[in-house]
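*Asks:* Throughout the sequence shown, residue numbering follows the working numbering, covering 1063 to 1329 in sequence.
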Amino acid sequence: MNSQQLFDLSGRVAIVTGAAKGIGMGIAQNLASVGCSVAIADLDSIEAENVASEIRSKGDQAIAVSTDVSDQTSVENLCSQTMSSFGHIDILVNNAAVYPMSPISEMTMDLWDHVLNVNLRGAFLMIRQLAPEIIKAGSKGRIINISSINTGKSYVGMPHYDSSKGGLEALTRSCALEYAEHGVTANVIAPGAVKTPGSMTVRGNLAKERGDPTTAEVDAEFASRIPLGDWATPDMIGQATTLLATPAASYITGQTIYVDGGLKLTI
Ligand code: NAD
């Protein structure tokens, strides 16, 4: 295989959940840039269509599918729409997640269930539905789950989220073992701090608690803790995810790859 073939995904089809904005959008755009046809699966169908049409405007292929990953019927619909648009599925990126904060002492069961349902049950439903298609495609496909640096360090206010991401990593290892005989790999990308609409809410809340009108101070404080000196962009997480999807990564499975500018080394 020459160096171009090692990093080429022409003819491959990927589904990226939560791809209407933030990290998922960065992942979908990067996969499309190396030849993948991409299904943008998100609750937010308007923004999902915007991302898909921007990808199409660059000459690449994308569809938007309104999806709730925590709902079996919705996941079945995503699978059948992607199959009818592109004919096969090779790559699944489970990125959709929610992260509303609450300490254990104030946690309602509704909030706990919501976070676990989207972040962990959703990924499981997607894998159970799509792994048979990925195996059938015969391209030695990929399952890539987006976890978090939070599995290495927990925070007050994130017990539901941290539990969901810890579970997602365990689920990934099970996938790696179960699908290895088909040449399908399963890995985790664990981002550190990334500027996205979702993290903007958390950063905004932290700034408000300090009485800051902007997030500039919170952002600078976080950046100073990161060995490579700054927050990640969604594009950086997209590049690392795309790398795992390429033929160059065919012998990597069951791993967690931290894409965090070295932050994990400091905690
Ligand atoms: P975000 O909130 O900016 O975007 C998440 C997207 O997921 C949104 O478009 C939303 O509509 C969609 N979504 C939510 N619930 C859904 C559902 N039930 N079905 C389908 N789509 C749904 O989030 P982000 O910051 O881009 O985070 C993306 C991933 O990266 C998540 O898995 C998150 O845990 C992880 N992560 C983020 C950071 C960070 O600093 N931003 C750090 C570590 C890990």
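Backbone N, C-alpha and C fix where the C-beta goes; we use that ideal spot for every residue, glycine too.
(1) In its own chain, which residues sit with a C-beta less than 7 Å from the C-beta of T1318, not counting the 5 before and 5 after it?
(2) What are the start and end residues of the beta strand (DSSP E) that includes Y1313?
(3) Name the two residues that bound the continuous beta strand (DSSP E) containing L1154.
(4) Starting from Y1223, trace the alpha helix (DSSP H) in both directions and tell me its first and last residue.
(5) What number of angstroms, rounded off, separates the C-alpha of P1289 from the C-alpha of D1322?
(6) Do T1295 and K1257 have their beta-carbon atoms positioned less than 9 Å apart in this structure?
(7) Measure the C-alpha to C-alpha separation of L1105 and G1324 and round it to an integer number of angstroms.
(8) How many whole angstroms separate the CB atoms of I1089 and N1157, which I take to be in contact at a CB cut-off of 8 Å?
(9) Just mark I1166 as buried or exposed, buried being the case when its beta carbon has 16 or more other beta carbons within 10 Å.
(10) Would L1093 pass as a contact of V1078 if the rule is Cβ separation under 9 Å?
(11) Counting pairs of Cβ atoms below 8 Å between the stretch 1185-1204 and the stretch 1138-1153, do you hit three or more?
(12) Smallest Cα separation from S1072: which of C1098, A1126, I1329?
(13) Fully enclosed by the stretch 1264-1289, which alpha helix (DSSP H) runs are 4 residues long or longer?
(14) If contacts are defined as beta-carbon pairs under 8 Å, then T1234 and N1267 qualify, I think. What distance do you get, rounded to the angstrom?
(15) Is the stretch 1173-1184 touching the stretch 1123-1134, taking contact as three or more C-beta pairs under 8 Å?
(16) So, helix, strand or coil for P1296, using DSSP?
(17) When you measure from the CB of T1129 to every non-hydrogen atom of the ligand NAD, does any distance come out below 8 Å?
(18) CA-CA distance, V1096 and W1293?
(19) For M1298, I'd like the list of residues in its chain whose CB is within less than 7 Å of its CB, leaving aside the five on either flank, ordered along the chain.
(20) Locate the alpha helix (DSSP H) running through T1144, then write down its first and last residues.
(21) Would the beta-carbon of L1105 be found less than 8 Å away from any heavy atom of the ligand NAD?
(22) Grab me the residues of I1197's own chain with a C-beta within less than 8 Å of its C-beta, minus the 5 sequence neighbours each way, in chain order.
(23) The ligand NAD heavy atoms versus the CB of K1257: any closer than 8 Å?
(24) Roughly how many whole angstroms lie between the Cα atoms of K1083 and P1162?
(25) From the DSSP output, in three-state form, read off S1107 for me.
(26) What is the DSSP secondary structure of T1308, counted as helix, strand or coil?
(27) Take the Cβ of D1172 as the centre, count every other Cβ of all protein chains shown within 10 Å, and call the residue buried at 16 or more, exposed below.
(28) At a threshold of 8 Å, does Y1320 count as lining the ligand NAD (C-beta to nearest heavy atom)?
(29) Could you give the DSSP three-state label for N1092: helix, strand or coil?
*Replies:* The short version:
(1) S1209, E1231, V1250, A1252
(2) Neither: Y1313 is in no beta strand (DSSP E) and is coded neither H nor E.
(3) 1153-1156
(4) 1221-1241
(5) 9 Å
(6) yes
(7) 32 Å
(8) With 8 Å as the limit, I1089 and N1157 qualify as a contact, their Cβ atoms being about 6 Å apart.
(9) Per the 10 Å Cβ criterion, exposed.
(10) yes
(11) yes
(12) C1098
(13) 1278-1287
(14) Wrong, their Cβ atoms sit about 30 Å apart, outside the cutoff.
(15) When Cβ pairs closer than 8 Å are counted between the two stretches, the stretch 1173-1184 is seen to touch the stretch 1123-1134, the count reaching three or more.
(16) helix
(17) Of the heavy atoms belonging to the ligand NAD, at least one sits nearer than 8 Å to the Cβ of T1129.
(18) 25 Å
(19) V1321
(20) 1134-1148
(21) Because some heavy atom of the ligand NAD lies under 8 Å away, the Cβ of L1105 counts as near it: yes.
(22) G1203, Y1241, H1244, V1246
(23) yes
(24) 17 Å
(25) helix
(26) coil
(27) exposed
(28) no
(29) Assigned with DSSP and collapsed to three states, N1092 falls in helix.
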